[in-house]
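Top to bottom, those sequences are chains A and B. Note that my numbering has the first sequence beginning at 2, numbered continuously upward. Note that my numbering has the second sequence beginning at 126, numbered continuously upward. Glycine residues also receive a C-beta, built at the ideal position from the N, C-alpha and C atoms. The structure appears below as structure tokens.
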Amino acid sequence: MNAHAIEKIIKSAQPKVFPDKTAYNSISLSQIVQLSKATGVSSRQIEIMALENGVVPERYARNMKSFSPQDQIALLKAQVSIVGLGGLGGTVVEILARIGIGILNVIDGDTFEESNLNRQFLSIPEQMAKSKADAAAQRIKTINSAVEVKVHHRFLDAENGVALLRHSNVCVDCLDNLKTRFILERLCKQIKLPLVSAALAGATAQVTTIFPQDQGLKLIYGAEEKVPPKGAETALGTLPYAVTFLAALECAEVIKVILDKPGLLRNKLLVADLDDAVIDIVTLC
Amino acid sequence: MHRGTKIQLKLFANLQAFAPPAADNYTINAGITVGDLLAQLNIPEDKAKIIFIDGVKSELTTILRGGERVGIFPPVGGG
Numbered sequence: 002m003n004a005h006a007i008e009k010i011i012k013s014a015q016p017k018v019f020p021d022k023t024a025y026n027s028i029s030l031s032q033i034v035q036l037s038k039a040t041g042v043s044s045r046q047i048e049i050m051a052l053e054n055g056v057v058p059e060r061y062a063r064n065m066k067s068f069s070p071q072d073q074i075a076l077l078k079a080q081v082s083i084v085g086l087g088g089l090g091g092t093v094v095e096i097l098a099r100i101g102i103g104i105l106n107v108i109d110g111d112t113f114e115e116s117n118l119n120r121q122f123l124s125i126p127e128q129m130a131k132s133k134a135d136a137a138a139q140r141i142k143t144i145n146s147a148v149e150v151k152v153h154h155r156f157l158d159a160e161n162g163v164a165l166l167r168h169s170n171v172c173v174d175c176l177d178n179l180k181t182r183f184i185l186e187r188l189c190k191q192i193k194l195p196l197v198s199a200a201l202a203g204a205t206a207q208v209t210t211i212f213p214q215d216q217g218l219k220l221i222y223g224a225e226e227k228v229p230p231k232g233a234e235t236a237l238g239t240l241p242y243a244v245t246f247l248a249a250l251e252c253a254e255v256i257k258v259i260l261d262k263p264g265l266l267r268n269k270l271l272v273a274d275l276d277d278a279v280i281d282i283v284t285l286c
Numbered sequence: 126m127h128r129g130t131k132i133q134l135k136l137f138a139n140l141q142a143f144a145p146p147a148a149d150n151y152t153i154n155a156g157i158t159v160g161d162l163l164a165q166l167n168i169p170e171d172k173a174k175i176i177f178i179d180g181v182k183s184e185l186t187t188i189l190r191g192g193e194r195v196g197i198f199p200p201v202g203g204g
């Protein structure tokens with residue numbers, strides 16, 4: 002069946018040129034969907050097979066000057082867990098679905114309320130009191146139907162966490178409180194999962210990447226026992242441009258982890274204050 | 126005898142409320158500790174989770190000589 006699909010992919014490919022005039026072979030979205038239907042092979046597998054055979058799915062064409070075909074294949078084979086689907090999570094889901102992460106594991110037991118509308122891209126007035134996890138799944142499918150979605154309508158905790166996060170390559174912390182961040186970090190360490198963690202208050206943002214052997218959040222917040230449940234965001238709220246900026250930084254870290262690229266914020270904290278355009282990287286240890 | 130010297134001070138998020146005038150050219154006595162600086166600015170120690178000097182996390186006991194870039198960051202947890 003695969004040999005048959007590969008033959009059809011190669012037959013469907015059209016010669017095209019990138020903006021810099023270099024040539025490539027392209028396969029369109031509608032052809033991928035059609036081939037998937039005709040062969041019973043998933044769109045994600047068709048995209049992987051295309052890349053393995055020198056054909057670029059057109060929807061990823063603007064990725065391909067930054068990523069090799071092998072990189073794009075690695076992204077399509079990767080599974081990323083997104084914990085929390087509010088401001089950060091909603092934007093992270095959007096970016097990761099568009100860039101072509103193959104499997105998105107979305108976790109949140111919450112529902113939308115009006116105060117989410119200033120910053121949470123998944124929230125719209127018609128969706129009040131509806132599930133954030135459902136909205137994420139729907140949005141991912143709307144953007145990129147090749148992406149496989151695993152939906153969990155529940156809050157992550159110490160008991161359910163391992164089962165929810167298992168099989169992921171990376172986890173993205175998009176939570177809204179300090180206590181659960183420590184629980185998530187412990188779970189990730191337990192199952193040896195790299196964690197990209199970000200948080201904000203007002204226009205002030207921070208992001209770091211924690212590998213299982215790293216000291217992690219205690220370098221930022223101090224000892225877990227003394228950490229308050231919430232931070233400065235209770236006084237300052239959360240601004241949409243800071244949320245979106247920070248979600249983009251989280252995604253850059255996710256991609257570097259999956260592709261084993263240098264430049265990760267390990268044992269480093271990127272801090273930013275968008276009110277006065279200050280960005281700094283702090284060496285934590 | 127301590128001599129007056131300047132630091133570049135940046136207070137993040139809600140700590141901005143404790144910022145002295147002209148924080149980016151703030152006068153301290155050379156040789157004071159980071160803890161002394163917090164006391165001088167009336168910033169409670171539990172609100173100053175990360176203090177970094179020239180891009181490196183420091184301790185309350187770290188001594189300031191002047192000329193440093195000092196950032197003070199509170200715990201933030203929003204998403």
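Contact of V279 of chain A with chain B by beta-carbon distance below 9 Å involves K135, F137, G196.
DSSP places F212 of chain A in the coil class of the three-state scheme, outside both helix and strand. In this model, G129 of chain B and N170 of chain A are separated by some 52 Å (Cα to Cα). The beta carbons of D72 of chain A and L271 of chain A sit about 23 Å from each other, so the pair does not count as a contact at 8 Å. Assigned with DSSP and collapsed to three states, P199 of chain B falls in coil, not helix or strand. By the C-beta density criterion, Q216 of chain A is exposed, having fewer than 16 other C-beta atoms within 10 angstroms. Excluding sequence positions up to five before and after L220 of chain A, its CB lies within less than 7 Å of the CB of L285, C286, all in the same chain and listed in chain order. Per DSSP, G129 of chain B is one residue of the beta strand (DSSP E) stretching across 129–136.
Within 7 Å of the CB of E234 of chain A, the CB atoms of chain B belong to V201, G202, G203, in sequence order along the chain.
Measuring C-alpha to C-alpha distances from N150 of chain B to each of B:D179, B:F177, B:I157, B:G191 identifies B:G191 as the nearest. Here M129 of chain A is exposed: its Cβ has fewer than 16 other Cβ atoms, across all protein chains shown, within 10 Å.
By the CB criterion at 7 Å, R45 of chain A and L77 of chain A fall inside the cutoff.
DSSP assignment within the stretch 209–254 of chain A yields no whole beta strand (DSSP E) run of 3 residues or more. Annotation for S27 of chain A: the continuous beta strand (DSSP E) segment containing it runs 24–28. Considering only A:F246, A:P20, A:T40, A:F113, the residue with the shortest C-alpha distance to L201 of chain A is A:F246. Note on geometry: alpha-carbon atoms of I184 of chain A and F19 of chain A lie some 45 Å from one another. Between the stretch 238–254 of chain A and the stretch 80–92 of chain A there are three or more C-beta pairs closer than 8 Å, enough to call the two in contact.
Judged by DSSP in its simplified three-state form, A273 of chain A adopts strand. The residue from A:L240, A:T210, A:L237 with its alpha-carbon nearest to that of G264 of chain A is A:T210.
R120 of chain A counts as buried, since at least 16 other C-beta atoms from the protein chains shown sit within 10 angstroms of its C-beta.
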